[in-house]
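**Q** These protein sequences, in sequence, are chains A and B. Going by our numbering, the first sequence opens with residue 153, and the numbers climb by one from there. Going by our numbering, the second sequence opens with residue 153, and the numbers climb by one from there. Glycine included, every Cβ here is placed at the ideal spot set by N, Cα and C.
Number of protein chains: 2
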Amino acid sequence: MPNTALAFAEKNREKALEELKAFLRIPSVSTLPDHAGDVRAAAGFLADELKRIGLENVRLIETAGHPLVYGDWLHAEGKPTVLLYGHYDVQPPDPLDEWLSPPFEPVERNNNLYARGAVDDKGQLWMQVKALEALFQGSGGRLPVNVRMISEGEEEVGGEGISEYVQKHPEALKADVALVCDTEMFAPELPTLCVGLRGMIYTELEVRGAKSDLHSGMYGGAAPNPFMALAEILTGLKDADGHILIPGFYDDLQTPAAEELAAWKSLPFDEEHYRLTEVGSPELVGEKGYSVLERIWARPTLEVHGMPGGFIGAGAKTVIPAKALAKVSMRLVPNMTSAKAYELYAAYVQKLAPKGVTVETRLIHSGEPVVVSTDNPFIHKAVTAMHEIWKKDTVFVRGGGSIPIVGEFERYLKLPVILMGFGLPDDGLHAPNEKFHIPNFYRGTDSIILFLENCGA
Amino acid sequence: MPNTALAFAEKNREKALEELKAFLRIPSVSTLPDHAGDVRAAAGFLADELKRIGLENVRLIETAGHPLVYGDWLHAEGKPTVLLYGHYDVQPPDPLDEWLSPPFEPVERNNNLYARGAVDDKGQLWMQVKALEALFQGSGGRLPVNVRMISEGEEEVGGEGISEYVQKHPEALKADVALVCDTEMFAPELPTLCVGLRGMIYTELEVRGAKSDLHSGMYGGAAPNPFMALAEILTGLKDADGHILIPGFYDDLQTPAAEELAAWKSLPFDEEHYRLTEVGSPELVGEKGYSVLERIWARPTLEVHGMPGGFIGAGAKTVIPAKALAKVSMRLVPNMTSAKAYELYAAYVQKLAPKGVTVETRLIHSGEPVVVSTDNPFIHKAVTAMHEIWKKDTVFVRGGGSIPIVGEFERYLKLPVILMGFGLPDDGLHAPNEKFHIPNFYRGTDSIILFLENCGA
Chain A
153 MPNTALAFAE KNREKALEEL KAFLRIPSVS TLPDHAGDVR AAAGFLADEL
203 KRIGLENVRL IETAGHPLVY GDWLHAEGKP TVLLYGHYDV QPPDPLDEWL
253 SPPFEPVERN NNLYARGAVD DKGQLWMQVK ALEALFQGSG GRLPVNVRMI
303 SEGEEEVGGE GISEYVQKHP EALKADVALV CDTEMFAPEL PTLCVGLRGM
353 IYTELEVRGA KSDLHSGMYG GAAPNPFMAL AEILTGLKDA DGHILIPGFY
403 DDLQTPAAEE LAAWKSLPFD EEHYRLTEVG SPELVGEKGY SVLERIWARP
453 TLEVHGMPGG FIGAGAKTVI PAKALAKVSM RLVPNMTSAK AYELYAAYVQ
503 KLAPKGVTVE TRLIHSGEPV VVSTDNPFIH KAVTAMHEIW KKDTVFVRGG
553 GSIPIVGEFE RYLKLPVILM GFGLPDDGLH APNEKFHIPN FYRGTDSIIL
603 FLENCGA
Chain B
153 MPNTALAFAE KNREKALEEL KAFLRIPSVS TLPDHAGDVR AAAGFLADEL
203 KRIGLENVRL IETAGHPLVY GDWLHAEGKP TVLLYGHYDV QPPDPLDEWL
253 SPPFEPVERN NNLYARGAVD DKGQLWMQVK ALEALFQGSG GRLPVNVRMI
303 SEGEEEVGGE GISEYVQKHP EALKADVALV CDTEMFAPEL PTLCVGLRGM
353 IYTELEVRGA KSDLHSGMYG GAAPNPFMAL AEILTGLKDA DGHILIPGFY
403 DDLQTPAAEE LAAWKSLPFD EEHYRLTEVG SPELVGEKGY SVLERIWARP
453 TLEVHGMPGG FIGAGAKTVI PAKALAKVSM RLVPNMTSAK AYELYAAYVQ
503 KLAPKGVTVE TRLIHSGEPV VVSTDNPFIH KAVTAMHEIW KKDTVFVRGG
553 GSIPIVGEFE RYLKLPVILM GFGLPDDGLH APNEKFHIPN FYRGTDSIIL
603 FLENCGA
């Protein structure tokens, strides 16, 4: 018997892609206050579509920040309930001048769709929506499982709203398994489940010296320079090999099991190819004695994202700025906690502060590291579904990034979380020219259709 | 016999102040390309006034950048020729939100005139113009000396145009002495001549890591971070005590003579008052074993002015930037040269570069350090003029800043340079809320009138 849902999805592919483009045209940049209206517009766009395809109880759930979008269909008696999660907010598009086409005008090139949010995460969220639509259409308005779908607009800024909602209303999201589509495949054509994510703390480090900006000729040699102070603090936080120097920072770290490390070694990974095609730097960096995959999946890291303040225009201004800022984040791995990591960091920064300046740290957002258990039947259903579409065995990997909600689902809803994603390593998440490989958008939709059918079988 | 020039100046004080306000309303920020038209407008404003008061041969002299403004009056036969210098360009006004009144809307408060350029240098340039006007008006259209007046619009960006002009056309600026009004008094009511200035090199230090911006979760632990690399380089350039670590940097440095150092010790300088009222930081910083005045006048320094690149918006962006920049300048003292200092710096930066990144240095502009000889008669004429107005003996100081043209006047025109300035230590040069103490504007004008009369006596 032909699969009617897959047939519907195949017939409506181009339409689904055009809809996704319309979704991508809404610049829902959650971190920029000027875009708050766009974020809400994207939520409304999504909610309208959920109603149209047949979900019930569709509504925006207000938070202190951007709204959640909820919908459900709970008429598959005796069948499990699947909680679908994605996010409709996107990263800022800067630096704008490095985009080959405008970030919010989606363009197809070489079988890829280019736009901010194409893969992270509007495209992957749209696969979920289109999979549900195909299932409704293929079976006379019914789904093979019960479904709750929740999407957030704050994933790129820490996900506080959904975190609070999950903790306060766990019953409203009661389910048997969560399907999160916000990760990537380890390599093209290689179906992948992500079973671990790093946590993070994102901070601001502010250094103040003189009471106001001063002339560097008149005061250079007497007034403290906040940027030099920041440079001293930053080099005190991490050594040249990437080892973090904050006392106690590694104390709770749990090394991956020997068999997981062994599995990583058998993954198709060519360090030189990775350096050339993905990173593009003269050398790779990081802690000695660890492979690249260990360093990005199972070791904490510390990065500086930008250093606002002072003179950043063209040309010259001979100023000793009164203050300088560094945006500093740390990635955390099991079993570190964001609370302890921030506490150790904030205390050590004060110790590192050179004379003449005052230093203040602020926690912007945080998320806990996660390891997903693989010994549950839903992992098997996902593997089976992906094998049918991709004709290959699934590999189990971790992700270096953070999806804070995954830890919350585990902690507060007691759910196994399936991290099934269809991005590719060169998709340029958070970077200029972000893309989604169009065949992956189609086959990802098909994989979700089969996964939900497997769950209901 | 009453001094008719001084009388004219006194009678026309308020008018002179209102004219200065109009001059200050033109936002002639030389470093910002968007303001090129304003810089030219300020040049035109100045030229019109020079013609009006009676200077001859008034014209704009084109350069590769902003124009010079020239005018002369050469009919005082047998009298010396005085070359008057000032600049009509100003520093950028940022950070704008720290100004109590808009930077280009001059406002009087507490007997001060607040505006960008009030004291540096439009106000001091306008004193020269008003002194010449008073001398013309007080003596039937004649001056007591021959005068050439040249003003530039690139002092805040290195003064390349005037430097080239001085080297190519020394005969066009032939004179016996130069009067530069672009410095400050050591303390209120204390007439001051500046007899030394630091030179400088202003550079950009660019670090490139990955080929494009990367997601800090996915690549943190493998990709180089250009801001961390910059932090390492910067801390390698200068130690925590402000000692510059570039090999050979101090080799040519000439320590001030013992009597000059002794004179500085007798200046009315209270380090704690200076820290509280001028700098406003928890402590002063700088090289051990040197007084504050030695550190800012007679020791080289290295400062960071800003670090463009990366994410500097509100909130969070988890990016490892592909590149980062630092604006780094060094002040130089006799007998260092800008060429050698830059060469040593650029070479050492390459040595400090950590693995995984490439580093490029660029020289934005430079100026040579200067010591002005005090054994010439014009210094005495300046001291006498100021004594008559201020009723106090002049103190001799150095300046920590750089006025590149002073070195060029000495080198190419073989002129003694009188640095007679009327700013105050708390005037906020290059900072928000720059001001000029209005009585100093008036008494400065009077001092210049008497100096020129003394030169012609």
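1) Please state whether the Cβ-Cβ distance between L236 (chain A) and L331 (chain A) is less than 7 Å.
2) Against chain B, with Cβ distances strictly below 7 Å, would Y240 (chain A) count as a contact?
3) Assign I472 (chain A) to one of three DSSP states: helix, strand, or coil.
4) Kindly list, in the order they appear in chain B, the residues whose Cβ is closer than 8 Å to that of P529 (chain A).
5) My guess is that M459 (chain A) and L382 (chain A) are in contact by the Cβ rule of under 8 Å, so how many angstroms apart are they, rounded?
6) Cβ of V359 (chain A) within 7 Å of Cβ of A476 (chain A)?
7) So, for D273 (chain B): in the same chain, excluding its five sequence neighbours on each side, which residues have a beta-carbon less than 6 Å away from its beta-carbon?
8) Classify Y222 (chain A) as helix, strand or coil using the three-state DSSP reduction.
9) Are G280 (chain B) and I600 (chain B) closer than 7 Å when you measure CB to CB?
10) Quick check on the DSSP output: the beta strand (DSSP E) that includes G269 (chain B) runs from which residue to which?
11) Rounded to a whole number of angstroms, what is the C-alpha to C-alpha distance between N142 (chain B) and A161 (chain B)?
12) For D422 (chain A), decide whether its Cβ has a neighbour in chain B, counting only Cβ atoms nearer than 7 Å.
13) DSSP three-state call for C607 (chain B): helix, strand or coil?
14) So, do the stretch 488-505 of chain A and the stretch 343-357 of chain A have three or more beta carbon pairs nearer to each other than 8 Å?
15) Going by DSSP in three states, A159 (chain A) sits in which element: helix, strand or coil?
16) For L570 (chain B), which beta-bridge partners are listed by DSSP?
17) Which of the three DSSP states is assigned to H532 (chain A) in this structure?
18) Looking at I557 (chain B) and A534 (chain B), is the spacing between their C-beta atoms short of 7 Å?
19) Can you pull the chain A neighbours of Y371 (chain B), defined as C-beta to C-beta under 8 Å?
20) Which chain B residues sit within Cβ distance under 7 Å of E455 (chain A)?
21) Note down, in chain order, each residue of its chain lying with its Cβ closer than 8 Å to the Cβ of N528 (chain A), except the 5 sequence neighbours on either side.
22) List the residues of chain A that D365 (chain B) touches, going by C-beta distances under 8 Å, in chain order.
23) Between G206 (chain A) and F338 (chain A), is the Cβ-Cβ spacing less than 7 Å?
24) Going along chain B, which residues have a C-beta under 7 Å from S481 (chain A)?
25) Would you say R211 (chain A) reaches chain B, if we count a Cβ-Cβ gap shorter than 7 Å as a contact?
26) Mapping DSSP to helix, strand and coil, what is F588 (chain B)?
27) Name the chain B residues whose beta carbon is nearer than 8 Å to that of L184 (chain A)?
28) In chain order, what residues of the same chain have a beta carbon less than 6 Å from the beta carbon of R177 (chain B), not counting five sequence neighbours either side?
29) Going by the CB atoms, is the gap between M380 (chain A) and V456 (chain B) shorter than 7 Å?
30) In chain order, what residues of the same chain lie with their CB nearer than 7 Å to the CB of R165 (chain A), ignoring the 5 residues before and after it?
31) At what residues does the beta strand (DSSP E) containing H425 (chain B) begin and finish?
32) Rounded to the nearest angstrom, what separates V259 (chain B) and C346 (chain B) at their Cα positions?
33) So with Cβ pairs under 7 Å, would you call Y354 (chain A) a contact of chain B?
34) Contact check, P486 (chain A) vs V523 (chain A) under 8 Å by CB: the rounded distance?
35) Under the assumption that W225 (chain A) contacts L295 (chain A) (Cβ atoms under 8 Å), give the Cβ distance between them as a whole number of angstroms.
36) Thinking C-beta only, is P376 (chain B) closer than 7 Å to G508 (chain B)?
**A** Reading from the atomic positions:
1) The answer is yes: Cβ separation under 7 Å.
2) Proximity of Y240 (chain A) to chain B, defined by a Cβ-Cβ separation below 7 Å, is not satisfied.
3) It is a strand residue.
4) Result: empty, since nearest Cβ-Cβ is about 29 Å, beyond 8 Å.
5) With 8 Å as the limit, M459 (chain A) and L382 (chain A) qualify as a contact, their Cβ atoms being about 7 Å apart.
6) Their beta carbons are under 7 Å apart, which means V359 (chain A) touches A476 (chain A) by this criterion.
7) Here the set comprises G238, H239, D334.
8) In the three-state scheme derived from DSSP, where H, G and I count as helix and E and B as strand, Y222 (chain A) is classed as strand.
9) Rather than Gly, the amino acid found at residue 280 (chain B) in this sequence is Gln. In contact: Q280 (chain B) and I600 (chain B) (Cβ atoms closer than 7 Å).
10) Unbroken run through G269 (chain B): none, as it is neither H nor E.
11) Chain B is shown only over 153 to 609; residue 142 (chain B) falls outside these bounds and no answer can be derived.
12) Taking 7 Å as the CB threshold, D422 (chain A) stays off the interface with chain B.
13) It is helical.
14) Verdict: yes, contact present.
15) The DSSP-derived three-state label of A159 (chain A) is helix.
16) Note that residue 570 (chain B) is Ile in the sequence shown, not Leu. Answer is B:L331.
17) Here H532 (chain A) carries a helix assignment [DSSP, helix/strand/coil].
18) For A534 (chain B) and I557 (chain B), no; Cβs fall outside 7 Å.
19) Residues of chain A with a Cβ closer than 8 Å to the Cβ of Y371 (chain B) are, in chain order, E430, V431, I448, G552.
20) At a beta-carbon threshold of 7 Å, the residues of chain B lying near E455 (chain A) are S368, G372, N377, I472, ordered along the chain.
21) So the list reads V329, P568, once near-sequence residues are dropped.
22) One finds P247, E250, H582, A583, P584 in chain A with Cβ atoms closer than 8 Å to the Cβ of D365 (chain B), taken in chain order.
23) Taking 7 Å as the Cβ cut-off, G206 (chain A) and F338 (chain A) do not qualify as a contacting pair.
24) S368, T470, listed in chain order.
25) Closer than 7 Å: no.
26) In this structure, F588 (chain B) counts as strand in the three-state DSSP scheme.
27) Going along chain B in sequence order, the residues near L184 (chain A) (Cβ under 8 Å) are G465, A466, G467.
28) The residues are F256.
29) Cβ atoms of V456 (chain B) and M380 (chain A): closer than 7 Å.
30) Cβ within range, chain order: Y594.
31) No beta strand (DSSP E) holds H425 (chain B); the alpha helix (DSSP H) holding it covers 423-426.
32) Distance between the alpha carbons of V259 (chain B) and C346 (chain B): 29 Å.
33) At least one CB of chain B lies nearer than 7 Å to the CB of Y354 (chain A).
34) About 5 Å separates the CB atoms of P486 (chain A) and V523 (chain A); that is less than 8 Å, so the two are in contact.
35) Rounded to the nearest angstrom, the Cβ distance from W225 (chain A) to L295 (chain A) is 5 Å, consistent with a contact under 8 Å.
36) Yes. Within cutoff.
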